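Numbering (this note's numbering), first residue to last: 24 to 428. Where is the CB? At the ideal position from N, CA and C, for every residue including glycine. Being a predicted model, the structure only gives us computed values, none of them experimental. Inspection log for the structure reproduced underneath, given as structure tokens.
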Amino acid sequence: MTAGRSGILASLGALSLLASSIILPVMATPAMAQARDCTEGQTRFIADSPPALSRLAASRAWTMSTGRGVVVAVVDSGVAAANAHFPKGSVLPGKSFVGGRATTDETGHGTAIAGVIAARDIGEKSGVVGLAKGATILPVKITGGAPTGDEEQQRSANLAKGISYAVSAGADVINLSLSTTSNRPDVRAAVASAVKAGIVVVASGGNRDQSAEAKDGPRYPAANPGVVGVTAADARDVVTQSSIHGPQVDLAAPGDDILTTFRAWGDCVFSQEAQSSSYATAYVSAAAALMRERYRSASPAEIAYRLEATASRGSRTVRDDVSGWGVVQPYEAMTAVLDETVAGPVAPGATPRVTPPPQVSAIDLTPARDPRAGDRTTVLWLLLGTGASVLALAMARMLRQPQRS
């Protein structure tokens, strides 16, 4: 392991220990942080295309929208605007709540998320490009490394402030690749304000090996009303035990083998050994950005409905706590003709579907009518008549026989 990579993993491991009780960054443990072609301080580009883009049929989606004109707030560790995939104007100045500039990133987490969403194509030397490659990133920095003491206590407060700032700064989509078991009132209120302002809020459903509480159950802000909660699917579009399962899960998206931006140093492949809902969250945020460009007047609930109704899943009518409504399909979400008869989630404003109880009828003990009863009666009388005739003939013969003495 190179000194540069060792430093990266050490930093991520420290983040895991500090963040597990409050917020869960994607690259928070060495297992999740296993990376290929990532050396701190060394710029490297990878010519391959991100595998997730083919799984999400990005080329088809781009015929409808690229997210142009849409602002996506990445509330995270900052975004390294110096990366070649973020030319001038693609990343706004943003705001930092931990000092320094929002356009710098000490951990790389926010930069990786921003790349999944809106990395720009820079030509043949790199295949990295975001799903919403025309969107603009608004970096909101709420963590800057491994906080201790008061900094750790401030992290959740910074989350609420960061969401509120994104609202005031004109975000169309807010990406929250983080989660906690605590349903904080200030965060809940900030999320409610964002949704009321017409902003699509997308949040991680949680990663099992990054949480102090590994049991399934609600994670926040994903479980707050109006938030689209996301879990991670593997290359087979299967959600594994790497992700927390619970009522907060609305959609799934690719969360492994993620090729994206690496701080200021080009490209990197993350999450090769396990799925991460943070990257999956970024892909759903990107899908929401595509939707927002195409449906400018749609409410957050209407955009969420289209994403959920068109997601790929085994049963069209059933949602579950593992994968929600299924794996997001951006092209279908933008083009499908939907109405109240479509199987799946209930459309905004529609009357919730009520499944009628099974009909139980009283048991009828009346003997069933035999359609051939008449025939059977006729046959019976014929048999009786024939039997009587035979008996009469036999008795007559006996009477005619002479008596013996």
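By the Cβ criterion, the stretch 83-91 is not in contact with the stretch 290-306, since fewer than three pairs of Cβ atoms, one from each stretch, lie closer than 8 Å. The three-state secondary structure of residue 177, taken from DSSP, is helix.
With respect to the 8 Å criterion, residue 227 and residue 200 are classified as neighbours on the basis of their beta carbons.
Under the three-state reduction of DSSP, residue 356 is assigned to helix. In chain order, 227, 228, 229, 230, 253, 254, 255, 266 and 278 place their CB closer than 7 Å to the CB of residue 300, counting only its own chain and leaving out the 5 sequence neighbours on each side. Residue pairing by DSSP places residue 61 in no beta bridge whatsoever. By the neighbour-count criterion, in which a residue is buried when 16 or more other Cβ atoms sit within 10 angstroms of its Cβ, residue 94 is buried. When 164, 332 and 336 are compared, the shortest CA-CA separation from residue 360 is found for 332.
A contact is defined here as three or more CB-CB pairs under 8 Å, and the stretch 99-116 fails this definition with respect to the stretch 334-348. Around residue 156, the same chain offers 85, 89, 90, 141, 142, 143 and 144 as residues with beta carbons nearer than 8 Å, after the five sequence neighbours per side are excluded. Residue environment analysis places residue 241 among the buried positions, since at least 16 neighbouring C-beta atoms fall within 10 angstroms of its C-beta.
Only residues of its own chain outside the window of five on either side were considered, and among them none has a CB closer than 6 Å to the CB of residue 258. For residue 312, the uninterrupted alpha helix (DSSP H) run begins and ends at 300-317, by DSSP. In this structure residue 225 touches residue 251 by the C-beta definition: roughly 5 Å separates them, less than 8 Å. For the set 372, 130 and 158, the Cα lying nearest the Cα of residue 363 is the one of 372.
The beta carbon of residue 153 sits closer than 7 Å to those of 138, 139, 140, 141, 142 and 309, all from its chain and outside the five residues before and after it, given in chain order. Separation of residue 325 and residue 135 (C-alpha to C-alpha, rounded to the nearest whole angstrom) is 28 Å. Taking all protein chains in view, the Cβ of residue 316 is crowded by 16 or more other Cβ atoms within 10 Å, so the residue is classified as buried. When secondary structure is reduced to three states using DSSP, residue 255 falls in the strand class. Boundaries of the beta strand (DSSP E) harbouring residue 276: 274-277, taken from the DSSP string. Beta-bridge partners assigned by DSSP to residue 227: 253. Scanning its chain for C-beta atoms nearer than 6 Å, with the 5 sequence neighbours on each side dropped, one finds around residue 247 the residues 211 and 214, in chain order. Take residue 125, set aside five residues on each side of it, and the residues of its chain with a beta-carbon closer than 6 Å to its own are 101, 117, 118, 119, 162 and 164, in chain order.
Look at residue 96 here: in three-state DSSP terms it is strand. With respect to the C-alpha of residue 71, the residue from 284, 298 and 349 having the closest C-alpha is 284. Residue 294 has its alpha-carbon roughly 18 Å from the corresponding atom of residue 67.
Cβ atoms of residue 269 and residue 344 come within 8 Å of each other, at about 5 Å. Every beta strand (DSSP E) stretch that sits fully inside the stretch 109-192 and reaches 3 residues is listed by chain position as 159-164. Contact check for residue 182 against residue 98 passes: the beta carbons are separated by less than 8 Å. CA-to-CA, the gap between residue 184 and residue 271 works out to about 22 Å. Between the alpha carbons of residue 131 and residue 374 lies a distance of about 45 Å. With respect to residue 217, residue 189 sits close: the two C-beta atoms are nearer than 8 Å.
Taking C-beta separations shorter than 8 Å and ignoring five residues to either side along the sequence, the partners of residue 368 in its chain run 328, 331, 332, 342 and 348, following chain order. For residue 209, the uninterrupted alpha helix (DSSP H) segment begins and ends at 208-219. The shortest CA-to-CA distance from residue 335 to any of 232, 319 and 352 is the one to 352. Under DSSP, residue 293 takes part in a beta bridge, and its partners are 281.
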